[in-house]
Amino acid sequence: MEFALSQAKKTCPFLHVTSASSLRRLSSMPAGASTKQSSILLNKAKQCPVMGQAMAVQKRGVATSRPAAQKPTPSVKATAVETAPETLAPKPFAPAAAQKPVSFTSKSKHFDYESFYQHELEKKHKDKSYRYFNNINRLAQKFPRAHTARVEDEVTVWCANDYLGMGRSPVLTETMKRTLDRYGAGAGGTRNIAGNADLHLRLESELADLHHKEGALVFSSCYVANDATLATLASKLPGCVIFSDVLNHASMIQGIRHSNAQKKIFRHNDMAHLEELLQSVDPATPKIIAFESVYSMCGSIGPIREIVDLAKKYGAITFLDEVHAVGMYGPRGAGVAEHLDFDLNAAHPSLGNGSIMDEIDIVTGTLGKAYGVVGGYIAASASLVDMIRSYAPGFIFTTSLPPAVVSGAMQSVKYLKVSNMERQMQQINARVVKSRLAELGIPVVPNPSHIVPVLLGDAPSAKLASDELLSEHGIYVQSINYPTVPVGEERLRITPTPGHNQDMIDHLVHSLETIWNRYGFKRVADWTAEGGRAGVGMPSSSKVTPLWTDSQLGLDNALEQGKKVAHRSSNVL
């Protein structure tokens, strides 16, 4: 019994963090306990991707009225494999709006809050959008390794947004330690009241310089920056209309909603559709075109030059989210807009040099990904920045970033303005991983960026692949489901870093191949035969050219040299 419990605790995140006494309390309710009390453990089991399937199988067995002796209860290990073909079949998604209203009024006529919570959670489980949170504790000195809930169980992380490994770099950590000793842990207030330090002003100056803008403003996150800026600006501009790419991040969508401005959604990167929508609005009406440079779940690149041209033609301003590009593209890490004029910006990195960066009205970015800490920001004209600073509740009423975080961010930004090694090595590793998976026919959504989205096509398959990578192969890659991606385009999102060496890449590729063989997941040829999906196997697909060129990476033969550099990468960092 002890051995069985030990094995179960290794694979089950709930058992792993739950004490034996708590389990006994949940499963052994006193006489007279309510039905709701006695079903707590049962509800937990239903939410488990393994036990939930086992219980569903057992329930189906009972429904057929077959004697229990004829159908033994399958083991946990067997259930995950034996039920896979049935559970992996795509199921139609039923929107919540189509469901009948449910009453939550109890006998006392008071609202039953707990039942409401459970009902909402059940909806997430039924449409396969419930989010499971793995216990992952990254190890700074072993990047990109981490331990799970058990300190002795280590895994390799392949999906983190610390894209360059800067979160463990002495460039940041040493200055953060010194700042912590001098200024303490917290900022002590909002920017308006006791939380506006010299460090904040210096960081904003560095960010303005990075993006060739007059000013910048730091927020607690880029989610807040996007929400606050779009909501404030669009609500102030009289009759403003916002044009938003259909794949824009939730933070921009929320900001548009909060603005109460009219919105028009254009098809992803479809310039003809965007122009058609722009033509439908009075030329004198204030307009904002909101879009991203790197779309994080598919890795596609926004057509920045074309959008800028349309904005000029129709009197709009541009709002460019560079969250998944800052630090990683361009000669100084300012993002894709800088990268488009790579040589010009490398030679003359300043406002007014004539690059496309000068034409972008508002740039937003994050400090929590390639820069290795936390926080977000906008960069724009001095007047725009001052207006947002003066009116945006998301800035005014939020405690400012702690001095230690700000000092680390500033050093990271300054360092990556002059060091190309980290971003070059990241791009090389991304190329190698994509190439290796292509050789095996494992479907990667084609894109020119550092994102490696591996297509599964349904939520149960993506969850199963993610779970098995973690439990059997010591690899952590989170599955991505609706609403982050459309139903039917579920995937694993892999993000190579400079710290992933050749042995790690070999292990990742071998592990994915093992899982694809075991469950018969679709390969590129299968998607092609079905007409394609999410860019994989599409009839009109053309060859994708990486945004970073071979010469920008300093390679004569990018792939072969890349494999050599990737093998040495763990010794460099």
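According to the working numbering, the stretch in the sequence shown is residues 7 to 579, in order.
Backbone N, C-alpha and C define an ideal beta-carbon position, used for all residues, glycine too.
Check whether residue i and residue j have beta carbons under 7 Å apart
i      : j      : result
Thr154 : Asn167 : no
His345 : Val300 : no
Glu210 : Met416 : no
Val230 : Gly400 : yes
Arg429 : Pro459 : no
Gly257 : Asn232 : One point to set straight first is that residue 257 is Ser, not Gly, in the sequence displayed. Yes, Cβ-Cβ distance for Ser257 and Asn232 is below 7 Å.
Leu326 : Ile366 : yes
Arg422 : Gly333 : Here residue 422 turns out to be Leu, not Arg, going by the sequence shown. Yes.
Gly245 : Thr291 : yes
Gly505 : Val161 : no
Asn453 : Pro502 : no
Member of the options whose CA lies at the smallest distance from the CA of residue i
i      : options                           : result
Glu478 : Lys148, Ser135, Asp159 and His116 : Asp159
Val287 : Ile248, Ala436 and Ala531         : Ile248
Ala468 : Ile521, Gln558, Asp509 and Ala386 : Ile521
Phe297 : Leu170, Thr490, Lys270 and Glu282 : Lys270
Val483 : Pro107, Leu561, Val515 and Ala203 : Val515
Ala340 : Met544, Glu126 and Ser425         : Ser425
Ile368 : Leu236, Val451 and Gln268         : Leu236
Cys165 : Ser485, His255 and Asp133         : Ser485
Tyr525 : Gly195, Ser547, Pro466 and Trp554 : Pro466
Met363 : Ile511, Pro107 and Glu220         : Glu220
Leu145 : Arg197, Tyr136, Glu445 and Val163 : Val163
Gly382 : Ser361, Leu407 and Gly171         : Leu407
Pro545 : Asn359, Ser557, Asp532 and Trp554 : Asp532
Val419 : Leu443, Glu282, Arg529 and Gly378 : Gly378
Ile384 : Leu239, Gly560 and Asp347         : Leu239
Phe527 : Pro337, Ile481, Leu461 and Asp512 : Leu461
Pro176 : Gln433, Glu312 and Gln147         : Gln147
Gly494 : Glu474, Lys134 and Ile307         : Lys134
Pro489 : Leu253, Asp215, Leu186 and Leu446 : Leu253
Arg499 : Asp509, Lys130, Asp512 and Tyr169 : Tyr169
Reduced DSSP secondary structure (H/G/I, E/B, other) of residue i
i      : result
Ser265 : helix
Thr370 : strand
Ala152 : strand
Gly560 : coil
Lys440 : helix
Gly305 : coil
Ile142 : coil
Val400 : In the sequence as presented, Val is not what sits at residue 400; that position holds Gly. Looking at Gly400 - three-state DSSP - the assignment turns out to be helix.
Phe580 : Given a span of 7 to 579 for the chain in the structure shown, any question on residue 580 remains unanswerable.
Asp168 : coil
Ser250 : strand
Ile4   : One cannot answer for residue 4 here, as it falls past the ends of the chain, which runs 7 to 579.
Lys270 : strand
Lys132 : helix
Arg208 : helix
Gly414 : helix
Asp364 : helix
Gly382 : strand
Ala296 : strand
Asp187 : helix
Thr196 : strand
Glu158 : coil
Leu346 : coil
Asp315 : helix
Residue i Cβ short of 6 Å to the ligand ADP heavy atom set
i      : result
His218 : The model depicted lacks the ligand ADP and carries no ligand whatsoever.
Per-residue burial, residue i [other beta carbons within 10 Å of its own, 16 or more giving buried]
i      : result
His456 : buried
Ile199 : exposed
Gly541 : buried
Ser302 : buried
Asp349 : exposed
Lys440 : buried
Lys319 : exposed
Asn577 : For Asn577, the predicted structure reports a pLDDT of 47, less than 50, and the residue's modelled location is therefore unreliable. The matter cannot be settled from this model.
Thr551 : exposed
Asn143 : exposed
Leu357 : exposed
Tyr119 : exposed
Arg184 : exposed
Ser548 : exposed
Phe149 : buried
Ser472 : buried
Leu470 : buried
Ala376 : buried
Thr107 : Going by the sequence as given, residue 107 is Pro instead of Thr. Label assigned to Pro107: exposed.
Write down every uninterrupted run of the alpha helix (DSSP H) in the segment 442-486 whose length is 4 residues or greater and which is fully enclosed by it, in chain order. Listed in chain order, they are 465-479.
In chain order, which continuous runs of the alpha helix (DSSP H) of length 4 or greater are located wholly inside the segment 210-246? Within the segment 210-246, the complete alpha helix (DSSP H) segments at least 4 residues long are 228-242, listed from N- to C-terminus.
Within the segment 503-541, note down every full alpha helix (DSSP H) run reaching 4 residues or more, in order along the chain. 508-525 and 530-535, all fully within the segment 503-541.
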